[in-house]
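In this note's numbering, the protein residues as written are 135 to 433. The structure appears right after this line, and notes come after that.
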């Protein structure tokens, strides 16, 4: 598939190299309004992923449906009140339906999936044929335990553009879902080598990967019981972002298996601080409360 002016920016965004994605996108010169809207949305999404929320209010009133959708999705991620989340979700759904904008449609599907409305989410992914949307379709199928359909969708993606970063990531997810953890790990390594993070030392950057890719490698190694290798990648990820939620959750699992309970507890307390509604925190709290009630009843 021929590249367009945003191909490299997209690839770096998908693998979690947000600084590089912003730099490439801002340095591009789209030749039509649709590409310009995608470029602006890509920059906005990368900024949100990095925690830069300073311009959300500007995006809310932007003429571009793409930027409006990014603003709504960012507010949704920050909101804990269920009523407010439902209102925001309805807002992005309406924006998706009225504008037919690819970014709005993608974020609508992603938020529906995040709210466990998987049937509606998977239907939403059929609205636009972008590679990113096809990858989301695969993720949702995996959540629905339809690995067979995910494999079929991956074949379609690969026939369209097997070299795209998002296609390679999708292959990792499917390989993990089918138990082929070795292949998933090797693909993560290939993607990491192709899209290294940028550091002051160019040579050092060759050995680094984004937080997202390091977590992917770690999960593949955890599935293969390579706990020490998983720990090393997660520690590298933690050095880049000490508050990254998947990193903290994965570190807890690894530390527990390595019998490093003090380290696990430190990561748990940090996870509880930065994401108190995380499923791991919620389940742990539920178990702790159950033990507390048992002790009280036994007293």
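In this text, a Cβ means the ideal position worked out from N, Cα and C, and glycines have one as well. Just so you know, these numbers come straight off a predicted model, no measurement behind them.
Cut-off 6 Å between Cβ atoms - residues of its own chain near residue i, not counting five sequence neighbours on either side
i: residue 420; result: none
i: residue 418; result: none
i: residue 184; result: 152
Residue i and residue j closer than 8 Å at C-beta
i: residue 227; j: residue 249; result: no
i: residue 388; j: residue 365; result: yes
i: residue 306; j: residue 376; result: no
i: residue 304; j: residue 237; result: no
i: residue 240; j: residue 277; result: no
i: residue 252; j: residue 272; result: no
i: residue 348; j: residue 325; result: no
i: residue 180; j: residue 152; result: yes
i: residue 319; j: residue 354; result: yes
i: residue 145; j: residue 298; result: yes
i: residue 379; j: residue 412; result: yes
i: residue 291; j: residue 268; result: yes
i: residue 398; j: residue 390; result: yes
i: residue 223; j: residue 245; result: yes
i: residue 313; j: residue 284; result: no
i: residue 414; j: residue 405; result: yes
Neighbourhood of residue i by C-beta, 7 Å cutoff - its chain only, sequence neighbours within 5 removed
i: residue 173; result: 140, 159, 162, 164
i: residue 205; result: 190, 193, 194
i: residue 178; result: 193, 201, 204
i: residue 196; result: 202
i: residue 264; result: 236
i: residue 329; result: 145, 146, 149, 151, 299
i: residue 199; result: 229, 233, 235, 238
i: residue 259; result: 243, 267, 270, 271, 274
i: residue 357; result: 310, 315
Burial state of residue i (16 or more Cβ within 10 Å)
i: residue 293; result: exposed
i: residue 343; result: buried
i: residue 167; result: exposed
i: residue 182; result: buried
i: residue 425; result: exposed
i: residue 423; result: exposed
i: residue 407; result: exposed
i: residue 150; result: buried
i: residue 216; result: exposed
i: residue 429; result: exposed
i: residue 142; result: buried
i: residue 231; result: exposed
i: residue 367; result: buried
i: residue 254; result: exposed
i: residue 225; result: buried
i: residue 327; result: exposed
i: residue 247; result: buried
i: residue 188; result: exposed
i: residue 416; result: exposed
Helix, strand or coil at residue i according to DSSP, with G and I counted as helix
i: residue 251; result: coil
i: residue 222; result: helix
i: residue 199; result: helix
i: residue 184; result: coil
i: residue 165; result: coil
i: residue 469; result: Residue numbering for the chain in the displayed model covers 135 to 433; residue 469 lies beyond these limits and cannot be assessed.
i: residue 136; result: Legend: pLDDT at residue 136 = 44, less than 50; position of this residue unreliable, no value from coordinates given.
i: residue 215; result: coil
i: residue 174; result: helix
i: residue 421; result: helix
i: residue 234; result: coil
i: residue 426; result: helix
i: residue 141; result: helix
Test: residue i CB closer than 8 Å to a CB of chain D
i: residue 267; result: The question asks about chain D, but that chain is absent: this structure has only one protein chain.
Beta-carbon contacts of residue i that lie in its chain and below 8 Å, excluding the five residues immediately before and after
i: residue 219; result: 210, 213, 249
i: residue 309; result: 315, 317, 318, 321
i: residue 427; result: none
Entirely within the region 327-414 and at least 4 residues each: give me those alpha helix (DSSP H) ranges in chain order.
336-339, 345-357, 361-374, 379-391, 395-408
Quick check on the DSSP output: what are the complete alpha helix (DSSP H) runs of length 4 or more inside the region 253-329, in order along the chain?
265-277, 281-295, 299-311, 315-328
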